[in-house]
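Each residue of the sequence shown is one higher than the last, beginning at 0 in numbering that gives the first Met the number 0. Ideal Cβ placement from N, Cα and C applies to all residues, glycine included.
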Amino acid sequence: MLQVISTKDAPAAIGPYSQAIVAGKMLFLSGQIPIVPATGEVAQGDITVQTEQVMKNIAAVLKEAGADFKNAVKTTCFITDMSDFAAFNGVYEKYFTGKPARSCVAVKQLPKNVLVEVEVVAALD
């Protein structure tokens with residue numbers, strides 16, 4: 000049985016998908032981009048500002064599912080400029096202290112022309 004996870008403390012889905020889905024003891028978060036939930040607008044700033052907002056959004060979805068960053072087992076990270084990799088990592092490592100498995104790729108463009116998007120797979124307790 001699948002359970003849809005939704006919270007007003009993270010951006011609403013901007014397409015035909017859920018913020019997250021629980022399947023058994025696994026939680027699958029859709030990619031989070033740096034939208035400020037209160038305004039619906041993209042967080043303005045460089046990769047560090049946008050990555051901080053992405054982490055806030057991820058934290059909200061994880062919390063709604065009864066989890067947190069320590070539950071993460073795999074992340075997939077998308078950035079639009081590989082020269083931002085070190086700055087992205089500087090923010091990322093503050094949150095994902097358990098060092099989950101990860102892929103990080105540069106892409107040509109992301110929704111709303113943001114600089115970063117992060118997906119998470121987590122194991123629930």
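For residue 78, the pairing in a beta bridge is given by DSSP as 105 and 115. Going by C-alpha positions, residue 88 is about 19 Å away from residue 34. For residue 27, same chain residues with a beta-carbon under 7 Å away, outside a window of 5 residues either side, are 19, 20 and 120 in chain order. Annotation: the continuous alpha helix (DSSP H) that includes residue 46 extends over 46-63. As computed with DSSP, residue 24 is found in no beta bridge at all. Straight-line spacing of the CA atoms in residue 53 and residue 47 works out to 10 Å.
In this structure, 118 is the residue among 118, 42, 123 and 59 with its C-alpha nearest to the C-alpha of residue 73.
Three or more pairs of CB atoms, one per stretch, sit closer than 8 Å, so the segment 61-76 contacts the segment 85-101. For residue 16, there is no enclosing alpha helix (DSSP H), as DSSP marks it with neither H nor E.
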